[in-house]
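I have placed the structure first, in the form of structure tokens, so that the comments after it can refer back to it.
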Amino acid sequence: MERTYSRRSALRLAGVGSAVSLAGCTSLLGESADVRISGGVGPLPMVQVWADMYEEATDTVFDISGGGTGVGVNDLLNGQVDVAMMGRDPEEDEIDQGLFAVPMLIDTVVGTVNVDNPVLDELQENGLSRQDLEDIFTREITNWGELVDDDVDEEIVVYGRSDTSAAYKQWGDFLAGEDDYYTENELENLADENHNGDQAVAEAIGRNENAVSLNNINYVYELESGELEGDVRPIPLDIDGEGLSEEEDFYETRDEFLAAVEEGTYPAPPAREMYLASDGGFEGDAADFVEWVLTDGQEHVRDNGYVPLEDDRLEEAQNNLEAGP
């Protein structure tokens with residue numbers, strides 16, 4: 218029960234942009250915290266669960282907040298936190314400033330629509346290709362009937378992200394295809410509306426039958442059951458552009474979807490590694506916590522809607538953590 222409460226709290230707080238998590242393990246003031254963490258809202262639910270478990274075993278006190286990968290990196294390099302959560306690879310200029318990162322898990326985002334989308338049946342049967350999704354988000358296609366060659370005349374409403382979102386960056390990399398990318402600013406300028414965080418996007422999708430956007434899968438599938446029970450539905454990806462095959466149809470439950478990510482059937486991007494980062498190397502309680510994340514903590518990843526690191530990547534991360542920057 219404790220894990221479920223913490224994960225739900227983290228999702229809610231990520232959505233409203235709260236600066237301080239209210240889960241039991243987190244210091245409300247921050248001043249008495251042993252480990253201060255901020256950053257990406259994608260990994261936030263898992264990090265909160267890990268922190269709850271680790272506090273129970275060690276009495277370590279955490280102060281954890283979201284805000285986005287960019288916020289976490291800035292907080293870290295300005296000495297405001299001990300650890301940054303990152304939903305993307307570290308950039309060269311960040312590494313030059315002293316940022317040191319190790320991967321912690323694999324996460325992904327999917328295209329999303331309303332449960333009452335006018336062409337949902339066609340989308341679920343045939344899927345959309347990367348090119349289809351690029352045409353939607355760049356406004357080359359603006360009508361749902363035009364998209365699926367159906368007798369429907371409903372304008373497509375595109376929602377984007379207004380925060381510094383690593384997920385949105387990965388989505389731009391995916392949409393543009395190999396060796397190209399769309400920047401967050403480009404996608405924001407093309408969107409009808411932009412929203413701050415995954416939760417706000419999911420809520421906006423749930424209010425508009427004609428809307429389309431992207432979401433982390435923990436905002437698509439129901440937390441406890443892993444089923445599709447809310448107002449948001451994933452858009453199946455026609456990976457080879459030849460229609461949705463049986464092998465590409467893995468969206469009914471979160472477990473099916475995560476298995477496809479783990480097997481590499483669902484592509485990267487939008488699947489992505491997420492990182493924990495320090496300024497010049499992890500120290501003290503923060504180092505102990507990250508070591509635990511890369512050992513005992515990995516066994517809890519699948520249960521909370523993510524994919525654990527592969528064994529060779531995990532060993533590499535453990536060796537890098539021990540060696541330091």
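Each residue of the sequence shown is one higher than the last, beginning at 218 in the numbering used here.
Yeah, the Cβ is synthetic: ideal placement off N, Cα and C, and Gly gets one too.
All values derive from a computational prediction rather than experimental measurement.
Quiz item: Helix, strand or coil: which one does DSSP assign to D299?
Solution: The three-state secondary structure of D299, taken from DSSP, is coil.
Practice problem: Could you tell me if D313 is buried or exposed, where buried requires 16 or more neighbouring beta carbons within 10 angstroms of its beta carbon? | Solution: exposed
Exercise. Could you tell me which residues DSSP pairs with D324 in its beta bridges?
Key: Answer by DSSP bridge pairing, in chain order: R489.
Quiz item: Taking Cβ positions, are M303 and A383 nearer each other than 8 Å?
Solution: yes
Self-check item: Distance between L294 and D310 (C-alpha atoms, nearest Å)
Solution: 12 Å
Quiz item: Taking all protein chains shown into account, do 16 or more other C-beta atoms lie within 10 angstroms of the C-beta of R489, making it buried, or fewer, making it exposed?
Solution: By the 10 Å Cβ count, R489 comes out buried.
Quiz prompt | Local Cβ density within 10 Å of R530, reported as buried at 16 or more and exposed below that | solution = exposed
Self-check item: Residue from Q341, P453, Q297 and L322 with nearest C-alpha to I254
Solution: Cα-wise, what sits closest to I254 is Q297.
Quiz item: Beta-carbon separation of S379 and N411 under 8 Å?
Solution: yes
Quiz item: Where does the unbroken alpha helix (DSSP H) through E401 begin, and where does it stop?
Solution: E401 to L407
Quiz item: Count the other CB atoms within 10 Å of the CB of S249; is the residue buried (16 or more) or exposed (fewer)?
Solution: exposed
Quiz item: From which residue to which residue does the beta strand (DSSP E) around R305 run?
Solution: Counting along the chain, R305 falls outside any beta strand (DSSP E), and DSSP gives it neither H nor E.
Self-check item: Bounding residues of the alpha helix (DSSP H) (the contiguous stretch that carries F474)
Solution: R471 to E480
Quiz prompt | Length of the line joining the Cα atoms of E469 and I422 | solution = 19 Å
Quiz item: If we count the other Cβ atoms within 10 Å of its Cβ and call it buried at 16 or more, is D324 buried or exposed?
Solution: buried
Practice problem: Select from Y385, L322, E273 and F499 the residue whose C-alpha is nearest the C-alpha of D415. | Solution: Y385
Quiz item: Hey, out of E465, P542, G447 and G284, whose CA is closest to G344's CA?
Solution: E465
Exercise. Specify, as a first and last residue, the run of the beta strand (DSSP E) that P451 falls within.
Key: From DSSP, the beta strand (DSSP E) with P451 extends over V449 to P451.
Exercise. With DSSP as the reference, label D457 as helix, strand or coil.
Key: coil
Self-check item: For N360: DSSP bridge partner residues
Solution: In the DSSP output, where bridge partners are listed per residue, N360 has E372.
Exercise. Sort G315, G257 and N432 by Cα distance to Y492 and report the nearest one.
Key: G257
Self-check item: Own chain residues within Cβ distance below 6 Å of G541, not counting five before or after
Solution: G498
Practice problem: Give the single residue among V524, D370 and T400 whose Cα lies nearest to the Cα of F354. | Solution: T400
Quiz item: Do you know how far the Cα of Y271 is from the Cα of F506?
Solution: 7 Å
Quiz item: Would you say E426 and P320 are within 8 Å of each other, going by their C-beta atoms?
Solution: no
Quiz item: In whole angstroms, what separates the C-alpha of A301 from that of T381?
Solution: 14 Å
Self-check item: Nearest candidate by alpha-carbon position, reference G377, set D366, E405, W388 and Y398
Solution: E405
Practice problem: Grab me the residues of D390's own chain with a C-beta within less than 7 Å of its C-beta, minus the 5 sequence neighbours each way, in chain order. | Solution: Y398 and P486
Self-check item: Same chain only: Cβ atoms within 6 Å of L461, ignoring 5 sequence neighbours per side
Solution: N343, G344, P453 and D455
Quiz item: For E439, which of E308, S346 and D520 has the nearest alpha-carbon?
Solution: D520
Quiz item: What is the C-beta distance between E372 and T359, in whole angstroms, given that I count them as a contact (C-beta under 8 Å)?
Solution: About 6 Å; that satisfies the 8 Å criterion.
Exercise. Identify, in the order they occur along the chain, each residue of the same chain with its Cβ nearer than 6 Å to the Cβ of D472, setting aside the five sequence neighbours on each side.
Key: G443
Practice problem: Quickly, what does DSSP pair D496 with across the bridge? List them, please. | Solution: L316
Quiz item: What is the DSSP secondary structure of D286, counted as helix, strand or coil?
Solution: Checking the sequence shown, residue 286 turns out to be Thr, not Asp. Helix at T286.
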